[in-house]
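Undergrad:
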């Protein structure tokens, strides 16, 4: 038995013609083994690689590491990511041309989110969109679809809108009758709004 393989007796001295008894056969079969080792593909990681002999009757366990789960169906083992990922330091998403340096890239770290547009945007930091602990940069893009957070004075529930407390209803009319004519008292709601000018 050598390296997990069964070898025939030496035939130079006539041993090759000898019969193997049951005890010898059992010993040979129980001595069978195969070799397992860890490896990696592309940019993967592998730790503790070594050639491990696995003998007959021994069990090899397929474990799921951090943020992984493994599903066994008979002799099939399927690995996948867990639904909730924890302990990550960063996530980088690239398009197909990212390796050429011109692809869009999105990176998420503990400090925030950074989006680098495609086609050389990295040469102009003003085009990079980011929401990080350092602040918010829109990358020279217009900010749209922002809901109003303005409330009438003393009112924490009602926002300005087109029918009640719209900011467009406020006009400044400066004439001989007084500087406040035409301005509405925002402390009054809806139809109860009163002019500050009296």
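In the working numbering, the protein residues as written are 889 to 1086.
Here a beta-carbon is modelled for each residue, glycine too, at the ideal position from N, C-alpha and C.
1) What would DSSP say about residue 1007, mapped onto helix, strand or coil?
2) Among residues of its own chain, excluding the 5 on either side of residue 978, which ones have a beta-carbon nearer than 7 Å to its beta-carbon?
3) Quick one: is residue 980 buried, meaning 16 or more other Cβ sit within 10 Å of its Cβ, or exposed?
4) If we ignore side chains and look at the alpha-carbon of each, how far apart do residue 1031 and residue 983 end up?
5) Per the DSSP calculation, residue 954 is bridged to which residue(s)?
6) Who are residue 1023's beta bridge partners in DSSP?
7) Does DSSP classify residue 968 as helix, strand or coil?
8) Straight-line CA distance for residue 1063 to residue 1029?
9) Given residue 1004, which residues of its chain have a CB within under 7 Å of its CB, disregarding the five upstream and five downstream residues?
10) The beta strand (DSSP E) spanning residue 978 covers which residue range?
11) Can you check DSSP and say which residues form a bridge with residue 1000?
12) On the three-state DSSP scale, how would you describe residue 911?
13) So what does residue 942 bridge to, in DSSP terms?
14) Can you tell which of 914, 972 and 921 has its C-alpha closest to the C-alpha of residue 942?
TA: With the given structure in hand:
1) Translated into positions along the chain shown, residue 1007 becomes position 119. DSSP places residue 1007 in coil when its eight states are reduced to three.
2) Position 90 of the chain shown, counting from 1, holds the residue named residue 978. Taken in chain order, the residues that qualify are 995, 996 and 997.
3) On the chain shown, position 92 is the one that residue 980 refers to. That one is exposed.
4) Translated into positions along the chain shown, residue 1031 becomes position 143. Translated into positions along the chain shown, residue 983 becomes position 95. Taking the straight line joining both Cα atoms gives about 24 Å.
5) What you label residue 954 is simply residue 66 of the chain shown in a count that begins at 1. Answer is none; residue 954 lacks a bridge partner.
6) On the chain shown, position 135 is the one that residue 1023 refers to. Note: residue 1023 sits in a beta bridge opposite 1020.
7) Translated into the one-based positions of the chain shown, residue 968 becomes position 80. In this structure, residue 968 counts as strand in the three-state DSSP scheme.
8) Here residue 1063 is taken as the residue at index 175 of the chain shown, counted from 1. Here residue 1029 is taken as the residue at index 141 of the chain shown, counted from 1. Bear in mind that a pLDDT of 48 at residue 1063, under 50, signals an unreliable position, so the number given afterwards is only what the model happens to contain. Looking at the two C-alpha atoms, the distance is approximately 41 Å.
9) Here residue 1004 refers to the residue found at position 116 of the chain shown. Taken in chain order, the residues that qualify are 992, 993, 1010 and 1016.
10) On the chain shown, residue 978 is found 90 positions in, with the first residue counted as 1. It spans 978-982 - the beta strand (DSSP E) in which residue 978 sits, taken as one unbroken run.
11) In the chain shown, the residue the question calls residue 1000 occupies position 112. Its beta-bridge partners are 997 and 1020.
12) Start at 1 with the first residue of the chain shown, and residue 911 comes out as number 23. Residue state, collapsed to three classes: helix.
13) Counting from 1 along the chain shown, the entry for residue 942 is found at position 54. In DSSP, residue 942 forms a bridge with 922.
14) Indexing the chain shown from 1 puts residue 942 at position 54. Comparing Cα positions, the closest option is 921.
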